[in-house]
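K.L.:
One structure, as structure tokens, below. Some questions next.
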Amino acid sequence: MTQGLILVVDDDESIRRFLATLLTSLGHEVACADSGEQALRRLEESPRPGLVLLDLILPGIGGLEVLDRIRESQPSLPVIVLSTVGRLKTVVDAVKRGASDYLTKPFGEQELELAIRNAFEKQLLQDEVRTLRRRLATGGAAEEPVSSSDAMLHIREVARQVADTDAPVLITGESGVGKEVLARFIHAQSGRHDGPFVKVNCAALPQELLESELFGYERGAFSGAQRDKPGKFELAHHGSILLDEIGEMSPHLQAKLLHVLQDGEYSRLGARRPVSVDARVLATTNARLTEAVADGRFREDLYFRLDVIRIEVPPLRERRADIPLLCEHFLRLYADKYKSAVRALPPDVLEAFLAYDWPGNVRELENAVRRYLILPSLKGSLPTRPEPAGARAGPGPPTASAGGGAFAGASLRAVSARAAEEAERQLVQRILEDTRWNRREASRRLKISYKALLNKLKKWESAPAGKE
-15 MTQGLILVVD
-5 DDESIRRFLA
5 TLLTSLGHEV
15 ACADSGEQAL
25 RRLEESPRPG
35 LVLLDLILPG
45 IGGLEVLDRI
55 RESQPSLPVI
65 VLSTVGRLKT
75 VVDAVKRGAS
85 DYLTKPFGEQ
95 ELELAIRNAF
105 EKQLLQDEVR
115 TLRRRLATGG
125 AAEEPVSSSD
135 AMLHIREVAR
145 QVADTDAPVL
155 ITGESGVGKE
165 VLARFIHAQS
175 GRHDGPFVKV
185 NCAALPQELL
195 ESELFGYERG
205 AFSGAQRDKP
215 GKFELAHHGS
225 ILLDEIGEMS
235 PHLQAKLLHV
245 LQDGEYSRLG
255 ARRPVSVDAR
265 VLATTNARLT
275 EAVADGRFRE
285 DLYFRLDVIR
295 IEVPPLRERR
305 ADIPLLCEHF
315 LRLYADKYKS
325 AVRALPPDVL
335 EAFLAYDWPG
345 NVRELENAVR
355 RYLILPSLKG
365 SLPTRPEPAG
375 ARAGPGPPTA
385 SAGGGAFAGA
395 SLRAVSARAA
405 EEAERQLVQR
415 ILEDTRWNRR
425 EASRRLKISY
435 KALLNKLKKW
445 ESAPAGKE
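Going left to right, the sequence shown walks through residues -15 to 452 as this note's numbering numbers them.
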């Protein structure tokens, strides 16, 4: 929310002109509207106002109705109502409906300036109280995305602006950039923060199982349905539901999701009556949905429903300023867990981290910090710039030659097993790099099951989590 932008809503042109001149002289940006209808349209445009000066007597949609709609769509937006002498009852009604303050015409410059300052300060205090309450409720866990780059600070501000609306949010970006962290931040900043946050990975389940996971089923709906099961949408009632990797959803499920977004209801498998649900939809994807729409793999009408607000999270290589702060965060997070005395990365390690391109993004950086805490003396823990074709690049696990180190004193069988394991790990990493960390495509090229590949990656904890 741009605190300096103030929307003036008044049907009297002379008052609009007077207020615009006065507010500009006080250092504020000003936008004007001459009716309730125009004001509501302007509130949906970017940049959104940080405060509204609202005349209560307007043609068409009246001031009180405009106030009600603002409170529905942007509950935390400060609104100062303007009225004339003799309208006390209307002013009292406006304050009861959520107006921050009121001014009686005619008013002076100092009165206006004081009312605006008080409104902004009150909003700031309310934001701080909400943040503290949420931190207490979550045991003080950090909720904001860890960042210092201009790009991420802008994204965080956009997330704050959209948090108090119920509009769907589509978060895009490469694997590992922190899309889920941003989704959780939006939920935590919203009026739904006391409600549940439910995550569903659309790529992790077969589509027939995903349908019952999302929408639930009635007893007897199919063989093995021994009891009613609520779906994730029901569990997210009065909260938020995160549909992770939504681009993997089948056309059949896309149609059901579109129905939920349009009508706020759906049917369990085997049910005769629809279920009403109030859950805000947040969706993430590392795919280009516009291409999926063009190819017919993703419904265009669903795309436009989801694309009300789109936030693209840039890859870590484009925001290197975040790397030191993220390293500090992961050190605090894991140092005690691994019983490490390390509280800061040495300059040469941080320099290596800053020089590396991080194809696995923040998730890969997290793994590298964890590995350094466990084995700080081994240079294999450090990332390196990509080497010529076939060579390993990135912060994989430390290795040793057969002539010494980890292999010293080992039997021939043990040496062979470890060498085979290392060769396998390097092959998997190279294939992942060739497929831009698309794990499903990598499993096909390696001619192993997707689950087997996931098990290997979990065991090695080396390759960054990639695309589905």
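For every residue, glycine included, the Cβ atom is placed at its ideal position computed from N, Cα and C.
Ignoring anything shorter than 4 residues, give me the alpha helix (DSSP H) runs that lie fully in the stretch 257 to 292, in order along the chain.
P.N.:
For the stretch 257 to 292, whole alpha helix (DSSP H) runs of length 4 or above, ordered along the chain, are 273 to 278, 284 to 290.
K.L.:
Buried or exposed, going by whether 16 or more other CB atoms sit within 10 Å of the CB of residue 65?
P.N.:
When all chains shown are included, residue 65 counts as buried.
K.L.:
In the DSSP output, which residue or residues are listed as bridge partners for residue 64?
P.N.:
BP columns for residue 64 point to 37, 85.
K.L.:
Counting pairs of Cβ atoms below 8 Å between the stretch 263 to 278 and the stretch 150 to 161, do you hit three or more?
P.N.:
Judged by Cβ distances under 8 Å, the stretch 263 to 278 makes contact with the stretch 150 to 161, as three or more pairs qualify.
K.L.:
Taking 8 Å as the cut-off, does the stretch 140 to 147 touch the stretch 168 to 184 (at least 3 CB pairs, one atom from each stretch)?
P.N.:
Cβ pair count under 8 Å is three or more, so yes.
K.L.:
Ordered along the chain, which non-local residues of its own chain (more than five positions away) have a Cβ less than 8 Å from that of residue 164?
P.N.:
For residue 164, where only same-chain residues beyond five positions count, the Cβ hits under 8 Å are 183, 226, 228, 268.
K.L.:
Which residue comes first and which comes last in the beta strand (DSSP E) that contains residue 224?
P.N.:
That run of the beta strand (DSSP E) goes 223 to 228.
K.L.:
Can you check which of these residues, 133, -8, 260, is closest to residue 218 by C-alpha distance?
P.N.:
The option with the nearest alpha carbon to residue 218 is 260.
K.L.:
Using 7 Å as the threshold, is the C-beta distance between residue 287 and residue 297 below it?
P.N.:
Not a contact, by the Cβ cut-off of 7 Å.
K.L.:
Name the DSSP beta bridge partners of residue 80, please?
P.N.:
DSSP, once it has assigned bridges, lists no residue as partnering residue 80.
K.L.:
Taking all protein chains shown into account, do 16 or more other C-beta atoms lie within 10 angstroms of the C-beta of residue 177, making it buried, or fewer, making it exposed?
P.N.:
Classification for residue 177: buried.
K.L.:
What residues in its chain sit with their C-beta under 7 Å from that of residue 425, if we drop five residues either side in the sequence?
P.N.:
Within the same chain, residue 425 has close Cβ partners 419.
K.L.:
Can you tell me whether residue 329 is helix, strand or coil according to DSSP?
P.N.:
In this structure, residue 329 counts as coil in the three-state DSSP scheme.
K.L.:
When we look at the beta-carbon of residue 232 and count the other beta-carbons within 10 Å, is it buried (16 or more) or exposed?
P.N.:
Buried, because 16 or more other Cβ atoms sit within 10 Å of the Cβ of residue 232.
K.L.:
Any idea what DSSP makes of residue 45, helix, strand or coil?
P.N.:
If DSSP states are grouped into helix, strand and coil, residue 45 belongs with coil.
K.L.:
Ignoring anything shorter than 3 residues or poking outside the stretch 412 to 446, list the beta strand (DSSP E) runs there in chain order.
P.N.:
The stretch 412 to 446 contains no whole beta strand (DSSP E) run of 3 or more residues.
K.L.:
Where does residue 181 sit, in a helix, a strand or coil, going by DSSP?
P.N.:
Three-state DSSP puts residue 181 in a strand.
K.L.:
Mind checking which residues open and close the beta strand (DSSP E) that includes residue 158?
P.N.:
That residue, residue 158, is in no beta strand (DSSP E); it is neither H nor E in DSSP.
K.L.:
Please report the residue range of the beta strand (DSSP E) in which residue 346 lies.
P.N.:
From DSSP, residue 346 is part of no beta strand (DSSP E) but of the alpha helix (DSSP H) over 345 to 358.
K.L.:
Quick one, which of -3, 236, 202, 211 has its alpha-carbon nearest residue 190's?
P.N.:
Selected option, being the one with the closest Cα: 236.
K.L.:
Give the straight-line distance between the Cα atoms of residue 175 and residue 263, rounded to the nearest whole angstrom.
P.N.:
Each residue's alpha carbon lies about 12 Å from the other.
K.L.:
Any idea what DSSP makes of residue 29, helix, strand or coil?
P.N.:
The answer is coil: DSSP assigns residue 29 none of H, G, I, E or B.
K.L.:
May I have the straight-line CA-CA distance separating residue 408 from residue 186, to the nearest angstrom?
P.N.:
The straight-line gap from Cα to Cα measures roughly 29 Å.
K.L.:
Is DSSP giving residue 239 helix, strand or coil here?
P.N.:
Looking at residue 239 - three-state DSSP - the assignment turns out to be helix.
K.L.:
With a CB to CB cut of under 8 Å and the five nearest residues on each side skipped, what residues in its chain are close to residue 436?
P.N.:
Same-chain partners within the cutoff: 427.
K.L.:
Could you tell me the alpha carbon to alpha carbon distance between residue 83 and residue 11, rounded to whole angstroms?
P.N.:
Each residue's alpha carbon lies about 23 Å from the other.
K.L.:
Kindly identify the DSSP beta-bridge partner or partners of residue 15.
P.N.:
-9, per the DSSP bridge assignment.
K.L.:
Assuming residue 9 is part of the alpha helix (DSSP H), what are its boundary residues?
P.N.:
Segment -3 to 9, the alpha helix (DSSP H) holding residue 9.
K.L.:
Residue 485 and residue 283 look like a contact to me (Cβ under 8 Å); what is the Cβ gap, rounded to whole Å?
P.N.:
Nothing can be reported for residue 485, as the shown portion of the chain is limited to -15 through 452.
K.L.:
Looking at the ligand NAP, does it come within less than 6 Å of residue 86, judged from the CB to the closest heavy atom?
P.N.:
Although the ligand NAP was asked about, the structure shown includes no ligands whatsoever.
K.L.:
In terms of residues, what are the limits of the alpha helix (DSSP H) holding residue 198?
P.N.:
Element bounds for residue 198: 191 to 199.
K.L.:
Please confirm whether residue 290 and residue 224 have their CB atoms less than 7 Å apart.
P.N.:
Result no, Cβ atoms of residue 290 and residue 224 do not sit closer than 7 Å.
K.L.:
Buried or exposed, going by whether 16 or more other CB atoms sit within 10 Å of the CB of residue 80?
P.N.:
Exposed, by the Cβ-count rule.
K.L.:
If contacts are defined as beta-carbon pairs under 8 Å, then residue 254 and residue 202 qualify, I think. What distance do you get, rounded to the angstrom?
P.N.:
Rounded, the Cβ-Cβ distance is 4 Å, consistent with contact.
K.L.:
Please give the ranges of any beta strand (DSSP E) in the stretch 131 to 156, keeping only runs that are unbroken, at least 3 residues long and fully inside the region.
P.N.:
Within the stretch 131 to 156, the complete beta strand (DSSP E) runs of at least 3 residues are 153 to 156.
K.L.:
Tell me whether the stretch 40 to 58 and the stretch -1 to 15 touch, counting them as touching only if at least three CB pairs, one residue from each stretch, are closer than 8 Å.
P.N.:
Too few Cβ pairs lie closer than 8 Å, so no.
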